[in-house]
Structure formats: structure tokens, C-alpha cells
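Just so you know, the protein sequences line up as chains A and B, in that order.
Residue numbers for the first sequence follow my numbering, beginning at 1 and rising by one.
Residue numbers for the second sequence follow my numbering, beginning at 1 and rising by one.
Structure first, then comments.
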Amino acid sequence: NAGVTQTPKFQVLKTGQSMTLQCAQDMNHEYMSWYRQDPGMGLRLIHYSVGAGITDQGEVPNGYNVSRSTTEDFPLRLLSAAPSQTSVYFCASSTGTSGPQETQYFGPGTRLLVL
Amino acid sequence: KQEVTQIPAALSVPEGENLVLNCSFTDSAIYNLQWFRQDPGKGLTSLLLIQSSQREQTSGRLNASLDKSSGRSTLYIAASQPGDSATYLCAVGDYKLSFGAGTTVTVRA
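Have a look at this one:
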């Protein structure tokens, strides 16, 4: 198993540009989520999904869109990038079968710089 | 809103010393608490998960305790090694985790 994979590893955008951060998992996990990590702060939840076709907002959803058409993939879209979205983005997944008492598996992250 | 705090933000110890990392949270109604390790430029690796009904979990040199009534968890790492140098994050919640900012540990050889 490759686990949770994220692409790209690093991206530079100009203000106003759009892009999609890719996240995929090959563990047949139902639950997937996106977090952002900023210096001196803990990870903050952006969006999450409890299964294909089901998504919901987390703590900091503004400026981001998600969709979940398959179990494996959970892309994060930035519609119009802003410098405040400069951050490291992490995707995570868990089986979803045992409820909240589950370990979450994290991808290696995508570093995004918005100029 | 759940607030998670980790103090200190950084810690430097000589090799062989035991490490004690602290985590506090404001809402005691938690499903579980997880401790993660993050190496520079890398993702998070889960170390220990303590369910809300448990008081501690152990894995090798690592032991984590949970006191819901006081809103605290402690991660103990016995006989630290230079390879233990990393940032340690605690997180509480169900599917939606609330994270502390982490404690960056340096173990000096």
C-alpha cells in the first residue's frame, strides 16, 4: 500500500490563480480530511468527508472547495488564491468503520506559497 | 470550541534523559486523544491513541496518560535518543481533530 499520497509536493501561485491539491489513499478508507499547518499553530481542519458524495466544512473552510466522487480521492480546490493561503496542507484518512476511536493516517503534505 | 495547548514549545535534553511532554485541552468531552510525531518537512506519524475510556497507552519506550477530568495528557519517552528529535503534536476529537501547536524536542548526543 502507498498509504496517503499528495501531489504536488510544492507549488508557487500568484494571487488570484486557482489550483487543485490532490489527495489519494489506497486503503479503502471512508473518512478523509484536509488540514492546514501554519507556523506556531496547530493543524486546523479545512474540510472533511465521511464517504463518497458526502463532505462538510471544518474550522477554516473559506476559500476552499472539496468534492468526493470516489472513495480513493479527495481533492482540495483553491478558487482564487490569496497570500493568506500560504501554508502546508495535509490530507488524512481513517477507515471510518470503528467510529471516532481510530488512528488517522496523514500524507506527506503539500507546501503552497502564494505571492 | 476545543482549545489544545502544548507547553513548552521547545525542549532540549541530553541523550538518555527521560522526556515529559504535556498537553492540555479545554473540553473534557473527548472521544480520544492522539499523539503524533512530525519530522521536519514530513507528514505526521501516529504514536499512540488513547480512547476516552482509557487512562494510558504504552508502546515500547513511549507511555501516554490521559486525565479527562483535569483536561490533561502527558507523553513520556524513556531513555531519549538523538533519533527522538522531532516535533510532537497532540490532538483531541473524533473524526475532526483539534491540534496543539506542538513541542519541538532536541536530544543532544
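Glycine included, each C-beta is placed from N, C-alpha and C at the ideal position.
Backbone secondary structure at residue i - three-state DSSP
{"i": "Q6 of chain B", "result": "strand"}
{"i": "D26 of chain A", "result": "coil"}
{"i": "Q51 of chain B", "result": "strand"}
{"i": "S59 of chain B", "result": "strand"}
{"i": "D56 of chain A", "result": "strand"}
{"i": "P61 of chain A", "result": "coil"}
{"i": "G71 of chain B", "result": "coil"}
{"i": "S84 of chain A", "result": "helix"}
{"i": "P8 of chain A", "result": "coil"}
{"i": "G93 of chain B", "result": "strand"}
{"i": "P111 of chain B", "result": "The question about residue 111 of chain B has no answer here: the residues shown for chain B are numbered 1 through 109."}
{"i": "G43 of chain B", "result": "coil"}
{"i": "D73 of chain A", "result": "strand"}
{"i": "G96 of chain A", "result": "coil"}
Alpha-carbon spacing of residue i relative to residue j, whole angstroms
{"i": "T55 of chain A", "j": "T71 of chain A", "result": "12 Å"}
{"i": "L43 of chain A", "j": "T15 of chain A", "result": "23 Å"}
{"i": "A10 of chain B", "j": "R36 of chain A", "result": "21 Å"}
{"i": "L48 of chain B", "j": "S73 of chain B", "result": "12 Å"}
{"i": "E15 of chain B", "j": "P39 of chain A", "result": "27 Å"}
{"i": "T58 of chain B", "j": "G96 of chain A", "result": "24 Å"}
{"i": "H47 of chain A", "j": "Y95 of chain B", "result": "11 Å"}
{"i": "Y31 of chain A", "j": "G3 of chain A", "result": "13 Å"}
{"i": "R55 of chain B", "j": "C91 of chain A", "result": "29 Å"}
{"i": "T5 of chain A", "j": "S18 of chain A", "result": "21 Å"}
{"i": "P8 of chain A", "j": "Q85 of chain A", "result": "16 Å"}
{"i": "G60 of chain B", "j": "P75 of chain A", "result": "36 Å"}
{"i": "P108 of chain A", "j": "A82 of chain A", "result": "23 Å"}
Own chain partners of residue i with C-beta closer than 7 Å, once the 5 adjacent residues on each side are dropped
{"i": "A52 of chain A", "result": "R68, S69, T70 and T71"}
{"i": "I7 of chain B", "result": "N22"}
{"i": "R107 of chain B", "result": "Looking at the sequence provided, one finds Val at residue 107 of chain B rather than Arg. Result list for V107 of chain B: V13, E15, S80, Q81, P82, D84 and S85, in chain order."}
{"i": "V20 of chain B", "result": "T74 and Y76"}
{"i": "S87 of chain A", "result": "R36, Q37, D38 and L112"}
{"i": "T26 of chain B", "result": "Q2, E3 and G71"}
{"i": "A24 of chain A", "result": "T5, E72 and D73"}
{"i": "V12 of chain A", "result": "L113 and L115"}
{"i": "L66 of chain B", "result": "L33, I50, Q54, R55, E56 and S73"}
{"i": "S80 of chain A", "result": "G16 and S18"}
8 Å Cβ shell around residue i - same chain, five flanking residues per side excluded
{"i": "Q162 of chain B", "result": "For chain B, the structure presents residues 1 to 109; residue 162 of chain B sits outside this window and is missing."}
{"i": "L45 of chain A", "result": "S33, W34, Y35, G58, E59 and V60"}
{"i": "S18 of chain B", "result": "A quick correction: the sequence has Asn, not Ser, at residue 18 of chain B. Only Y76, I77, A78, A79 and S80 meet the Cβ criterion."}
{"i": "N1 of chain A", "result": "D26 and M27"}
Cβ-based neighbour list, residue i, same chain, cut-off 6 Å, excluding 5 preceding and 5 following
{"i": "T104 of chain B", "result": "A10 and T87"}
{"i": "S98 of chain B", "result": "Q2, V4 and V92"}
{"i": "R77 of chain A", "result": "T20 and N65"}
{"i": "W35 of chain B", "result": "L47, L48, A64, L75 and C90"}
{"i": "I30 of chain B", "result": "S52 and V92"}
key: Short-range partners of chain A found in the segment 77 to 98 of chain B, where Cβ spacing is below 8 Å   = L89, A91, G93, D94, Y95, K96, L97 and S98
query = If you measure beta-carbon to beta-carbon, which residues of the segment 41 to 71 of chain B are closer than 7 Å to chain A?
reply = K42, G43, L44, S46, L49 and Q51
key: Residues of the segment 9 to 38 of chain A whose Cβ lies closer than 9 Å to any Cβ of chain B, in chain order   = Y31, S33, Y35 and Q37
task = Return the residues of the segment 99 to 113 of chain A that lie within a Cβ-Cβ distance of less than 9 Å from chain B, sorted by chain order.
result = G99, P100, Q101, E102, T103, Q104, Y105, F106, G107, P108, G109 and R111
message = Under 7 Å, CB to CB, which of the residues in the segment 68 to 99 of chain A have a partner in chain B?
response = F90
query = Relative to chain B, which residues along the segment 38 to 50 of chain A have a C-beta separation below 8 Å, given in chain order?
reply = G40, M41, G42, L43, R44, L45, Y48 and V50
ask   = Which residues, taken in chain order from the segment 54 to 68 of chain A, show a beta carbon closer than 7 Å to some beta carbon of chain B?
value = G58
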